[in-house]
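Colleague: Pasting in a structure now, in structure tokens, and then I'll have a few things to ask.
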Amino acid sequence: MGVPASKTELLSAMAKTFDALSTTLDSVPPDAVRSQVIEGHVKDTMISPADQVAYLIGWNRQVLTWLRRRSDGLPDQFPAAGVKWNELGILAQRFYAEHRDESWTSLRAQLVDAKNDIVAAVEANTDDDLYGAPWYGKWPLGRMISLNTSSPYTNARKRLRSWLKTRSG
35 MGVPASKTEL LSAMAKTFDA LSTTLDSVPP DAVRSQVIEG HVKDTMISPA
85 DQVAYLIGWN RQVLTWLRRR SDGLPDQFPA AGVKWNELGI LAQRFYAEHR
135 DESWTSLRAQ LVDAKNDIVA AVEANTDDDL YGAPWYGKWP LGRMISLNTS
185 SPYTNARKRL RSWLKTRSG
């Protein structure tokens with residue numbers, strides 16, 4: 035799948051990659067959701083499937099924060115308040131910690147909700163809003179959304195599938 039270049043392509047990529055990820059998440063054994071079994075987002079670390087979902091929730095919500103701040107006329111905080119682009123590991127750790135005590139069911143539901151909120155935001159924009167001009171640096175809004183939704187959904191699915199294959203031997 036190529037990089038989305040229109041609203042329709044972005045919505046399609048988000049739906050396709052999220053559905054594939056959801057199917058993979060359905061395969062995670064309940065007794066393994068908190069086991070440190072997949073490569074982490076920080077070098078030389080391992081995370082659990084629950085941490086992976088927390089990471090996705092965190093990034094989806096971060097996109098929504100960017101959109102809300104722009105809409106409210108507030109200054110941008112990229113990638114997040116108090117975090118620089120070269121400190122994404124700190125942000126990942128923050129996302130894991132925010133969801134450390136939540137159930138798998140709750141995490142899955144929050145991910146669906148966050149994704150649905152982004153879909154609604156995309157649907158509220160035109161192709162020109164999404165791809166007609168740079169929104170952050172050289173990147174249009176649609177690309178920033180893709181970089182933090184469909185691309186990470188695909189990456190997470192690959193990480194999880196790789197680990198699941200080792201379980202089935």
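If you're matching positions, the sequence shown starts at 35 in my numbering and goes up one per residue. Yeah, the Cβ is synthetic: ideal placement off N, Cα and C, and Gly gets one too. Source: prediction; values computed, not measured.
(1) Could you tell me the alpha carbon to alpha carbon distance between T51 and V67, rounded to whole angstroms?
(2) Under DSSP, the beta strand (DSSP E) around P168 begins and ends at which residues?
(3) Measure the Cβ-Cβ separation of A54 and R193 and say whether it is below 9 Å.
(4) Using the Cβ count rule (16 or more neighbours within 10 Å means buried), how would you classify M48?
(5) In this structure, how does DSSP classify E73 when only helix, strand and coil are distinguished?
(6) Using 9 Å as the threshold, is the C-beta distance between Q144 and I91 below it?
(7) Could you spell out where the alpha helix (DSSP H) holding A88 opens and where it closes?
(8) Under the assumption that A39 contacts Y165 (Cβ atoms under 8 Å), give the Cβ distance between them as a whole number of angstroms.
(9) Buried or exposed: which applies to E43, given that a residue is buried once 16 or more other Cβ atoms fall within 10 Å of its Cβ?
(10) Alpha carbon to alpha carbon, how far is N94 from L175? Give it in angstroms, no decimals.
(11) Report, in whole angstroms, the separation of the C-beta atoms of D151 and K41, which I expect to be a contact under 8 Å.
Modeller: On the basis of the data shown:
(1) Walking along the sequence shown from the start, residue 51 turns up at place 17. Walking along the sequence shown from the start, residue 67 turns up at place 33. Going from the Cα of T51 to the Cα of V67 covers about 21 Å.
(2) Here residue 168 is taken as the residue at index 134 of the sequence shown, counted from 1. That run of the beta strand (DSSP E) goes P168 to Y170.
(3) Within the sequence shown, the letter at position 20 stands for residue 54. Within the sequence shown, the letter at position 159 stands for residue 193. No. Outside cutoff.
(4) As a first step, residue 48 must be located in the sequence shown, where it is residue number 14. Per the 10 Å Cβ criterion, buried.
(5) In the sequence shown, residue 73 corresponds to position 39, counting from 1. In the structure shown, E73 sits in a strand (DSSP, three-state: E or B).
(6) Here residue 144 refers to the residue found at position 110 when the sequence shown is read from its first residue. Here residue 91 refers to the residue found at position 57 when the sequence shown is read from its first residue. Result yes, Cβ atoms of Q144 and I91 sit closer than 9 Å.
(7) For the purposes of this step, residue 88 is taken as residue 54 along the sequence shown, with counting starting at 1. Start and end: P83 to S105.
(8) Your numbering for residue 39 matches position 5 in the sequence shown. Your numbering for residue 165 matches position 131 in the sequence shown. Indeed, because the Cβ distance is near 6 Å, the residues count as touching under 8 Å.
(9) Taking the first residue of the sequence shown as 1, we reach residue 43 at position 9. Buried, since its Cβ has 16 or more Cβ neighbours within 10 Å.
(10) For this step, residue 175 is matched to residue 141 along the sequence shown. For this step, residue 94 is matched to residue 60 along the sequence shown. When rounded, the distance between both Cα atoms is 14 Å.
(11) One-based indexing of the sequence shown puts residue 151 at position 117. One-based indexing of the sequence shown puts residue 41 at position 7. The Cβ separation is near 16 Å, so there is no contact.
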